[in-house]
Structures are given as structure tokens and as C-alpha cells.
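In what follows, a single structure is set out as C-alpha cells and then discussed.
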Amino acid sequence: MKLILAQGMLGLNNGVFYAMLSLGLAIIFGLLNVVNFAHGALYMAGAFVALILYSYVGAWIGLEQLHINFWVALVLAPVIVGCFGMLIERLLLRHLYKFDPIYSLLLTFGVTLVLQGLFINTFGASGTPYPGQPEQLRGVVNLGFMMFPKYRLFAIVFSVLVCLAVWFVIERTRIGAMLRAGTENPELVKAFGINVPLMVTLTFGFGTGLAGLAGVLAAPIYSVSPLMGADLIIIIFAVVVIGGMGSIMGAVVAGFGLGLIEGITKVFYAPAANTVIFFLMVVVLLVRPAGLFGRQS
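Residue numbers for the sequence shown follow this note's numbering, beginning at 618 and rising by one.
Listed below in C-alpha cells is the structure:
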């Protein structure tokens with residue numbers, strides 16, 4: 618039982634990133650009907666922004682001892698990545714809204730390749746450890762059944778709070794209602810004096826900012842690498858499909874749940890841990906094609 622609980626906690630730690638990334642992806646698809654394949658690359662960009670702020674900015678301005686710490690990066694990196702996402706929406710995606718979503722998928726796939734190439738040429742393909750983990754989050758905490766790293770526990774709690782806050786804003790506030798109405802009937806919303814194109818841009822920026830936030834959280838755990846997003850994006854799409862395309866709650870529940878299942882699977886048959894999510898995706902699509910929380914047409 619202790620082994621199951623321990624592997625469940627480790628799996629839940631992976632579920633942190635599944636949930637946050639699939640949440641941003643679900644917001645972008647559910648509200649804008651855009652299949653953003655660049656989401657994994659923007660997650661990678663968030664981790665690199667944290668690394669650059671800590672390790673390189675001081676040297677660039679001639680202050681070798683200056684290190685912009687993790688807490689500042691946790692705020693700045695999502696804003697920087699979100700602003701970059703808004704540029705992508707304004708300059709590229711806006712011209713494709715009248716076409717089939719496959720065009721946005723192909724365009725964002727191209728953006729992914731460009732970003733990966735730029736970071737590989739600048740930093741190399743091998744991973745770089747992030748040295749800026751906060752002192753207060755180093756060490757372990759005794760959970761009774763295992764010694765668990767403090768930082769990983771912080772990542773779980775923090776991501777749960779973020780996911781709940783985002784769900785509440787989208788589903789239970791006036792702002793969320795305006796977003797949903799603006800995507801379902803933009804002409805009617807424009808009649809009330811609301812700038813729908815700006816709202817769409819901000820929504821895309823918010824979704825990509827969540828990817829950047831997940832990247833900052835991942836930086837102290839995983840090696841910061843140009844390919845770290847490519848390793849996750851297929852899993853994230855599977856999570857979104859299982860939860861229901863465009864479902865905010867489905868993305869969160871499926872993300873944490875599948876991370877937990879993946880971790881527990883390692884106890885009983887470790888080789889299946891890498892494929893259990895895709896097996897579950899097939900089962901869900903056969904039984905409920907719209908996903909667990911998606912709306913049946």
C-alpha cells in the first residue's frame with residue numbers, strides 16, 4: 618500500500634503539468650476553436666524564460682551577481698509567454714478563423730518547429746538544470762508513507778489552486794460569460810459595445826500564459842530542454858480528448874486523474890505506464906466520443 622501511495626503521489630506530480638497544460642489548451646480550443654499545437658513549445662519557452670532570468674540577465678547587463686529568482690519568474694514568465702501568444706494570435710492565427718481548424722493546427726505546428734530550432738541553436742539540444750529553486754522549498758517532508766520533496770508538494774498544491782481559480786473565472790463570473798458569449802455569437806456581443814477581437818487576443822494570451830506558468834513550475838523538477846514540450850504535447854492532447862475537447866473541468870480532472878493512474882500503473886506493470894493514457898483515450902472515444910465531460914452532439 619505504501620508503494621501504491623508513493624507512486625500515486627509521483628504520478629500526481631506529473632498530473633500537475635498534464636492538468637495545467639490541458640487547461641490552457643482547452644480554453645483556447647473551447648473558446649476560440651483553435652487547435653494550438655504550439656502549446657508544448659510555449660511550455661518549454663516558459664521554462665527557458667525562468668532559466669534566462671536567473672542565469673543570463675545579470676551577465677547581459679554587466680551585473681554577474683544578479684539572479685532574478687524563482688518567485689519573480691513565476692510572475693514574469695507567464696506574462697512574457699502570454700504576450701508572445703498574443704502576437705501569434707494577432708499576426709498569424711487571426712487570418713485563419715474562417716477556415717477549418719486544421720489550418721490553425723498546421724500553422725501552430727510550424728511555430729513549434731521554429732521555436733524549437735531557435736532554442737536548440739541558442740542553448741543546444743541537451744538539457745540545462747535550473748539552479749534557482751527557492752531555499753524554503755528545498756528538502757523533503759514526511760507524508761507518513763514516504764518522504765516527498767517539498768517543491769513537488771508545492772507544485773501540486775499551487776497547480777490545484779490555479780486550476781480551480783481558472784475554472785471559477787471561466788464558468789462562474791461575468792468575464793467568463795462574456796468570453797463564452799463572444800465566441801458563440803460575436804455579432805451580438807459586439808452590439809453591446811464589447812471589443813470581441815481584443816477579447817479573443819487576450820483569451821489566447823491567457824491560455825498560452827498558463828503554458829508558460831507550467832513551464833516555470835517544471836523548471837526546477839525537469840531539465841530545461843528545447844524538446845521538453847515535444848515530449849508532452851501528444852500526452853496533453855490525449856488528456857484533452859479524454860476530458861472532452863473544450864471542457865475546462867474535464868481538462869483539470871483528466872489531467873490530475875491520468876497522472877495518478879499513470880503513477881499507480883508503474884506499481885503493477887511499469888512498461889504499460891507510458892501507454893496507459895492512450896489506451897484509456899481509445900476506450901473513452903469508443904464509449905463516449907465527446908469525452909468524459911464533453912457535450913454530446
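Quick reminder that beta carbons are idealized off the backbone N, C-alpha and C, glycines included.
{"Query": "Where DSSP assigns a beta bridge to M764, which residues make up the other side?", "Result": "N759"}
{"Query": "Pop quiz: I865 and I787 are said to be a contact at Cβ under 8 angstroms. What is the actual Cβ separation, rounded to whole angstroms?", "Result": "5 angstroms"}
{"Query": "Give me whichever residues DSSP pairs with V841 in a beta bridge.", "Result": "T745"}
{"Query": "Please go through the same chain and pick out, in chain order, the residues whose beta-carbon is closer than 6 angstroms to the beta-carbon of F910, but skip the five residues on each side of it.", "Result": "G860, G861, S864, M866, G867"}
{"Query": "On the criterion of 16 or more Cβ atoms from any shown chain inside 10 Å, does P746 qualify as buried, or is it exposed?", "Result": "exposed"}
{"Query": "Which whole-angstrom value describes the C-beta separation of Q624 and K883, a residue pair presumed to lie in contact below a C-beta threshold of 8 angstroms?", "Result": "5 angstroms"}
{"Query": "State the start and end residues of the unbroken alpha helix (DSSP H) segment that holds D848.", "Result": "847-860"}
{"Query": "Should A887 be labelled buried (16 or more other beta-carbon atoms within 10 Å of its own) or exposed?", "Result": "exposed"}
{"Query": "On the DSSP letters alone, give me the boundaries of the alpha helix (DSSP H) that P751 sits inside.", "Result": "It is not in any alpha helix (DSSP H) - P751 carries neither H nor E in the DSSP assignment."}
{"Query": "Check each candidate in V904, L668, K619, L709 and name the one with the smallest Cα separation from G744.", "Result": "L668"}
{"Query": "Using only alpha-carbon positions, find the residue among K619, S639, M618 that is nearest to G876.", "Result": "S639"}
{"Query": "Tell me the DSSP secondary structure of G863 in three-state form.", "Result": "coil"}
{"Query": "Enumerate, from N- to C-terminal direction, the unbroken alpha helix (DSSP H) stretches of 4 or more residues contained entirely within the segment 658-686.", "Result": "674-677"}
{"Query": "Mark C700 as exposed unless 16 or more other C-beta atoms lie within 10 angstroms of its C-beta, in which case mark it buried.", "Result": "exposed"}
{"Query": "Got a sec? Which residues, its chain only, sit under 6 angstroms from Q753 by beta carbon, not counting five neighbours each side?", "Result": "none"}
{"Query": "Return yes when the Cβ of S840 is within less than 8 angstroms of the Cβ of P748, no when it is not.", "Result": "no"}
{"Query": "So is G734 buried or exposed if we call it buried at 16+ other beta carbons inside 10 Å?", "Result": "exposed"}
{"Query": "For A890, which residues of its own chain have a beta-carbon under 6 angstroms away from its beta-carbon, when the five flanking residues on both sides are left out?", "Result": "E879, T882, K883"}
{"Query": "The alpha helix (DSSP H) that contains K619, what's its start and end?", "Result": "619-649"}
{"Query": "With DSSP collapsed to three states, give me the class of K883.", "Result": "helix"}
{"Query": "Just the Cα atoms here: how many angstroms apart are I678 and L732?", "Result": "25 angstroms"}
{"Query": "Alpha carbon to alpha carbon, what distance is there between G761 and T729?", "Result": "42 angstroms"}
{"Query": "Hey, how far is the Cα of P906 from the Cα of R912?", "Result": "9 angstroms"}
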